[in-house]
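Working notes for the structure below.
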């Protein structure tokens with residue numbers, strides 16, 4: 128047991144050591160990044176520091192104030208006038224402190240906003256510069272949390288925490304100086320009692336950490352249990368498993384209750400302890416101060432002033448601890464953000480100025496090779512020549528490399544060997560933008576954004592103002608009537624509240640591709656998420672779309688591609704067969720197998 | 009929200025009463041500590057006779073009272089932790105239990121995501137608020153009133169200073185809230201909006217690039233970004249007023265009390281200036297204690313709106329009556345002839361205008377295989393859902409063996425009817441725990457599913473071929489939502505789960521669409537062989553899956569448009585022919 132704990136301690140120190148350099152490295156980056164805001168930040172710091180000093184200066188005047196009041200008690204007639212004078216000085220000091228603090232906060236809020244907005248903008252810019260491969264291997268939620276949570280943590284810590292830190296350090300150090308100037312013994316008493324209180328808090332925090340960890344762990348267990356069984360609700364119900372599941376839940380809930388009240392208790396202790404710290408410092412000053420006053424070593428005013436100083440010294444200590452925590456968190460967040468910003472970008476293509484005009488749509492693959500990872504080829508040696516205007520179907524089992532082929536064609540990924548030419552021009556000589564301009568695309572997951580139907584259809588082709596063009600496209604796609612039934616027709620905003628079925632969404636994306644009217648088309652599993660009757664509608668729309676366009680169609684259901692001019696049958700990254708539907712069937716090879724398996728019963 | 013607090017147990021209430029007593033005691037102790045300061049002040053300033061020993065003695069009392077006061081607050085913190093944790097555990101349990109009673113209708117009404125948030129996050133919000141409220145909510149007003157009363161007893165002038173201080177704090181806070189509240193509530197909305205725009209850009213990254221729409225997206229993002237930042241800066245500035253003001257007030261109050269106190273002495277308003285001087289020292293302490301506890305109160309109140317919203321959301325769940333409730337049937341378990349019958353069944357979703365199912369009449373003989381086919385939204389899934397009472401028919405009767413399903417207990421019904429949904433659901437655990445999921449009742453009461461039955465079910469479901477290859481066989485681990493298995497494998501395990509229950513009636517609700525054609529076929533062959541005698545209802549998209557069924561019902565717009573065997577339907581039913589043709593385009597034809 129003891130050994131175990133030792134092990135743990137060792138591990139923790141190792142982790143600490145590993146963290147330390149990264150904390151400073153991270154903060155170095157943050158500080159460098161925030162260069163444009165140095166001036167307002169510096170002013171904010173200076174104002175906060177001056178405010179802290181004003182507070183201490185003002186408070187040190189309490190000594191005289193109290194002494195004059197006491198003189199008044201003893202019957203000095205001029206004493207009250209002096210008290211009023213000091214009162215006016217204090218009003219000025221405290222008032223200026225308040226104003227300076229307001230200004231400091233006002234400035235820093237602007238800095239927080241500035242850092243936040245530019246960090247987010249840079250991340251968003253970065254998104255457009257990263258190769259598609261990054262997004263294929265990184266979950267969307269991960270990138271999203273960098274955009275919002277992490278930038279928030281950084282900008283908050285960057286500003287509020289640091290201002291708090293600066294002000295608190297100034298105040299604590301200043302308080303020490305003032306206290307020693309007034310009376311060294313009372314100063315020592317104030318500092319020692321505060322540190323005892325602080326050490327106590329520290330001990331409790333470390334002791335309670337395991338309860339917090341346990342509570343988080345138990346909470347996660349309960350949450351995932353809830354998530355799992357709510358999602359599988361129908362199964363739980365129809366399998367008579369409610370009791371079994373509730374039993375498990377009760378167990379977990381009980382565990383959570385145990386760790387929950389413990390951690391709740393420890394965090395609830397913070398307030399009593401803080402209050403006690405303030406109390407005990409105050410009491411110590413009362414006793415020692417009382418004795419010193421009794422002996423005539425100090426005036427009563429000194430003791431009264433120390434009653435306040437002990438508070439002005441203790442409070443910033445808690446603030447310092449808090450802001451350090453913030454900064455630690457910000458360091459972690461900034462590592463994530465700066466790592467993202469440092470990801471390798473796509474090649475610069477500003478030197479590629481070739482532009483294809485009046486594209487006919489002849490496509491040629493020569494010895495194309497490609498792998499997402501080095502040494503794991505997905506496309507081995509792919510060559511085919513496709514005449515302009517033909518309808519090409521790509522079929523094959525999952526993992527055969529169909530979608531990869533499309534990714535290469537659209538230059539989403541770069542070929543590692545061989546070449547792809549459109550109308551005789553290698554896509555390596557074309558910028559990604561000019562390649563993209565040549566293609567219309569309809570994908571399996573029907574991507575629409577929150578905006579009006581018109582905006583979705585015109586997506587980035589806002590120069591098309593002619594409503595007829597739009598209407599022709601939607602009519603051809605067979606979706607015009609549906610759009611008309613929407614509450615505001617083409618101006619209806621598509622969001623979660625508008626009920627648009629999977630099939631209708633797909634027809635909208637087809638219409639979008641028609642509006643773009645690009646010479647080449649890619650239809651990737653465009654019908655796999657709809658039922659067979661809707662599929663017929665989509666099929667008809669796609670047939671209209673593909674007229675006079677070179678089109679690449681990837682499909683699961685082989686019935687959708689029977690009238691293709693060329694069927695490329697892929698397996699393990701190679702074309703194993705190619706030809707027209709009848710030819711391939713007659714051949715009785717891979718394709719015929721694939722085709723027949725769906726009819727056998 | 010307040011209704012939630014009726015959920016405290018008797019023990020909790022008792023503890024709360026004790027806590028209240030302790031809080032009053034604690035306030036008394038804390039307010040007494042400065043009283044000793046007056047004594048010390050009097051002694052050291054010569055206002056009263058005493059020696060250095062008295063100073064130490066009073067000092068000792070101060071320490072004692074301070075420690076005692078801390079002990080009361082620690083006990084209150086302990087009670088607060090116990091009460092709020094057991095309270096939230098109870099809420100969590102009730103919500104979970106309640107959701108267990110819900111039918112799919114209620115699940116959809118709330119949405120699963122929302123129910124999860126309500127059972128987890130919302131309960132935590134209430135928990136955090138309760139624990140703080142117990143500690144602070146009662147304490148602050150008691151402290152304020154008591155302290156002011158003590159000051160009033162000596163000098164109304166000084167009590168006015170204290171009251172003005174509290175009033176200023178409350179006024180400033182109110183102004184901040186009044187100014188910032190709309191902006192404050194907008195934070196979440198604007199953050200969601202930014203997230204939404206960023207998410208769209210990421211999920212549609214291929215489309216964005218194919219349309220060269222990076223700048224278009226960037227502009228949208230910039231706008232959302234600007235809106236959010238602008239709002240946040242305003243909110244931060246409003247809040248930035250508060251902390252400096254609090255610090256200012258703490259110091260200014262002391263100075264003000266000294267100032268006014270000096271005036272009271274100077275103008276001869278006090279008979280005993282020496283004592284009054286001692287009181288001044290005490291009152292400066294009181295004023296900071298009062299301001300401090302009000303500060304705490306305000307901090308807790310900031311959490312209140314959030315906790316209230318959470319409480320309301322929890323109550324919504326608890327107040328919902330489940331729409332499908334099993335009968336308390338004591339009738340022995342007999343399936344009778346086991347025929348299934350639908351009599352004039354209509355179904356519509358609550359609040360909807362149109363029927364999903366209209367006038368359904370059908371009867372299925374025990375042991376036969378029946379299929380339902382039709383386009384999306386034709387009602388075929390809804391129809392079979394009425395049998396295991398995932399939904400209840402709006403009107404008309406659904407009968408099994410001549411008994412209405414509503415007259416059976418849910419346990420009994422579920423023992424006889426097995427239902428395999430379209431999307432396979434696996435739970436974390438083992439393959440065995442997944443297949444032997446839930447319990448069965450028989451004439452002899454509850455019984456477990458044996459390992460042999462599990463293996464047999466896996467074999468029939470064509471899952472044994474991959475399960476047997478796993479190192480731990482049926483004890484292999486299944487991770488959450490079955491992430492470690494492919495879609496087709498999950499579907500076969502889900503099928504095995506129902507087969508292991510050996511129900512007389514099995515419903516496959518579009519279960520086979522996720523399987524490839526080959527597995528679909530072998531699976532159906534195995535089912536036909538191993539499940540002879542069971543009644544099977546299949547909802548399907550592919551004609552191939554159901555070609556050989558005894559009876560096929562073709563549905564369109566919530567009605568049965570035709571029924572019969574495959575060959576018959578091809579001749580007489582246009583809808584069926586259309587579906588068939590879309591999947592079996594003839595050679596060379598278009």
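Chains as they are written, first to last, in the working numbering: chain A, 128 to 728; chain B, 9 to 598. C-beta atoms are modelled at their ideal positions from N, C-alpha and C, and glycine is treated no differently.
Within the region 266 to 291 of chain A, the residues whose Cβ lies closer than 7 Å to some Cβ of chain B are 267, 270, 271, 274, 275, listed in chain order.
As a beta-bridge residue in DSSP terms, residue 455/B pairs with 448/B. Just so you know, the alpha carbons of residue 360/A and residue 353/A end up roughly 10 Å apart.
Per DSSP, the continuous alpha helix (DSSP H) segment holding residue 165/B begins and ends at 164 to 211. The DSSP-derived three-state label of residue 219/B is coil. Runs of alpha helix (DSSP H) with 4 or more residues, each lying fully within the region 617 to 642 of chain A, are absent. One Cα belongs to residue 302/B, the other to residue 290/A, and the distance between them is close to 25 Å.
Proximity of chain B to residue 574/A at the Cβ level (cut-off 7 Å) is accounted for by 211, 212, 215, in chain order. Note that the C-beta distance between residue 565/A and residue 642/A is not below 8 Å. By the criterion of at least three beta-carbon pairs nearer than 8 Å, the region 178 to 190 of chain B is not in contact with the region 156 to 166 of chain B. Assigned with DSSP and collapsed to three states, residue 115/B falls in helix. For residue 493/A, DSSP records a beta bridge to 546/A. In the DSSP assignment, the residues bridged to residue 518/A are 678/A. Among the residues of the region 598 to 619 of chain A, none has a Cβ less than 8 Å away from any Cβ of chain B. Counting only runs of 3 or more residues that sit fully inside the region 553 to 595 of chain B, the beta strand (DSSP E) segments are 559 to 564, 567 to 572, in chain order. Sorting 212/B, 92/B, 105/B, 128/B by C-alpha distance to the C-alpha of residue 24/B places 92/B at the top. A Cβ of chain A is located within less than 8 Å of the beta carbon of residue 396/B. Judged by DSSP in its simplified three-state form, residue 149/A adopts helix. Every unbroken stretch of the beta strand (DSSP E) spanning 3 or more residues and falling wholly within the region 396 to 433 of chain B is given here in chain order: 403 to 408, 425 to 428. If you compare the alpha carbons of 30/B, 324/B, 138/B, 382/B with that of residue 76/B, the shortest gap goes to 30/B. 8 Å or more divides the Cβ of residue 368/B from the Cβ of residue 395/B. The beta carbons of residue 681/A and residue 720/A sit no closer together than 8 Å. By the C-beta criterion, the region 524 to 540 of chain A is judged to be in contact with the region 256 to 263 of chain A, since at least 3 inter-stretch pairs fall below 8 Å. The beta carbon of residue 357/A sits closer than 8 Å to some beta carbon of chain B. What residue 514/A touches in chain B, judged by beta-carbon distance under 8 Å, is nothing: the nearest beta carbon there is about 22 Å away. Secondary structure of residue 492/B (DSSP, three-state): coil. When secondary structure is reduced to three states using DSSP, residue 548/B falls in the strand class. For residue 692/A, the CB contacts under 6 Å within the same chain, skipping 5 residues up- and downstream, are 517, 518 in chain order.
Residue 539/B is outside the set of residues whose beta carbon lies under 8 Å from a beta carbon in chain A.
DSSP places residue 566/A in the strand class (E or B) of the three-state scheme.
For residue 516/B, DSSP records a beta bridge to 428/B, 546/B. Inclusion of residue 213/A and residue 297/A in the CB contact set at 8 Å is not warranted, their separation being larger than that value. In this structure the region 230 to 245 of chain A does not touch the region 189 to 204 of chain B; the number of beta carbon pairs closer than 8 Å is below three. With a contact defined as Cβ atoms closer than 8 Å, residue 412/A and residue 434/A qualify at about 6 Å. Counting the other CB atoms within 10 Å of its CB gives residue 252/B a total of 16 or more, which places it among the buried residues.
The beta-carbon separation of residue 513/A and residue 489/A, rounded to 7 Å, stays under the 8 Å limit for a contact.
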